[in-house]
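Residue numbers for the sequence shown follow our numbering, so the first one is 4 and each next one is one higher.
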Amino acid sequence: MLVRKKVDYYPIAIVLLVFGIDLVVFLFSPSIVIPIVWAITSLYVKGWICNWNHNHQHCSFFTVSWANRLIELIMGLHTGVVGEAWVLHHTLGHHLNYLDQSKDESAWKTKSGRLMSHWEYTFKVGIMAYPTALAVGKRHPNSRNKLIQNIALSALVLGLLAWINWGRTLVIFIIPMTLLLFISVYATYYHHAGLDERDPYKATYNITDRWYNFVTCNLGYHTAHHLQCGRHWSELPQLHEEIKAKIPDRLYREPGFPIGLARKIEDSLMRLRNRYSPKSTDKQSSPETVTLECDRK
C-alpha cells in the first residue's frame, strides 16, 4: 500500500488540494489581487500543514521514498520547512536535548540562564533554523546531504516560478513560507518554555482539546510524542491515556485563538441546547436510551 496508514489520506488530500489551488491562482489570476487574497486566507490552513509536515518527518506518510520526497517538496513550498529540516533540527536535535537547555536546538533559555521572551525565542530560533539543522547534520551526513538537495530543489522550483511571474511567486509562496517558518517556531514556545526539568513527564505542556488535535493531528499530546517520537500520530491519544497519571495537572493548557474561541462558542451553544431542550416526562428510560447512556459511559 502506498500510504502507510489510511488516516494519513486526510492530511495528504488537504496538502494536495491547497497546492493545486496555489498553482491555479498562480497561473490564471487576472491580477495580483486574487493571489493576495488567497495568500492571506490560506495562511491558517497552511499553518495546519506545518504540524503535518512535522508529523511526516517523524513517521512518513508513504511507504516509498519518491512519494515522500514529492510531498516534502510541496509541504516545503507551503511552510518554509523543507524535507530533512525537521529531521535534523527537531528529531535528531531538539528531541535528544530538550531536557538540557545548554544543548537544546530549540532552547528557550539564554546561555546566562534567563528565560527568553516569546518574541526573542521566535526570532533567535527562527533565524538560526537552517544553520542549526546543517550544524546537526555534521553528525548525520546522509541526512545533511538530503537537506542540501531539498534546499537546492526548492530554490530551483521557486526560481522557475519567479521566472514565470515573480510577483505572484513572492505573494503565494515566498512570503507565506517565510511567515510560516517563524509562526512554527512561535508555536513551539508553548511546548516547553519555563519547564526546566529532567523528568520527561514534567517537561512538556499538553493540549487535549479535540478540535486542536484534529487540525494538528494530535500535536497536543506532546508528552507522549516526546516519549515515543517515532510513533504514528494517530496512536498518541492511546499512549497519552497510558501515561497521563504521571503528568501533573498544571501541564495541561487550553488551545489559543481561534480554536479556543471556537470551543467556547461550541460549549455555549451546547449549554443553550441543553437548557431549552424538552425534558422527557417518562420516569423510565426506553431500552434505546439506556443503551446510549451505557455506551457514553
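Ideal Cβ positions, reconstructed from N, Cα and C, are used throughout, including at glycine.
The residue among 172, 194, 8 and 253 with its C-alpha nearest the C-alpha of residue 121 is 194. Cβ contact annotation for residue 51 (same chain, cutoff 6 angstroms, sequence separation greater than five): 218, in chain order. The C-alpha of residue 139 is placed about 6 angstroms away from the C-alpha of residue 91.
Going by beta carbons, residue 210 and residue 258 fall inside the 7 angstroms limit.
Between the alpha carbons of residue 56 and residue 279 lies a distance of about 44 angstroms. With a minimum length of 4 residues, the unbroken runs of alpha helix (DSSP H) contained wholly in the stretch 222-281 fall at 225-230, 239-246 and 262-279. A Cβ-Cβ separation of about 6 angstroms places residue 170 in contact with residue 35 under the 8 angstroms criterion.
With respect to residue 224, residue 240 sits close: the two C-beta atoms are nearer than 7 angstroms. Across the structure, residue 38 and residue 32 are spaced so that their CA atoms are roughly 7 angstroms apart. For residue 154, the enclosing alpha helix (DSSP H) stretches over residues 144-172.
Looking only at 208, 234, 262 and 48, the smallest Cα-Cα distance to residue 256 is reached by 208.
Assignment of residue 84 by DSSP, reduced to helix, strand and coil, places it in the coil class. By the 16-neighbour rule on beta-carbons within 10 angstroms, residue 141 is exposed. Using a Cβ distance threshold of 7 angstroms, residue 88 and residue 136 count as a contacting pair.
Here residue 8 is not near residue 183, since their CB atoms are 7 angstroms or more apart.
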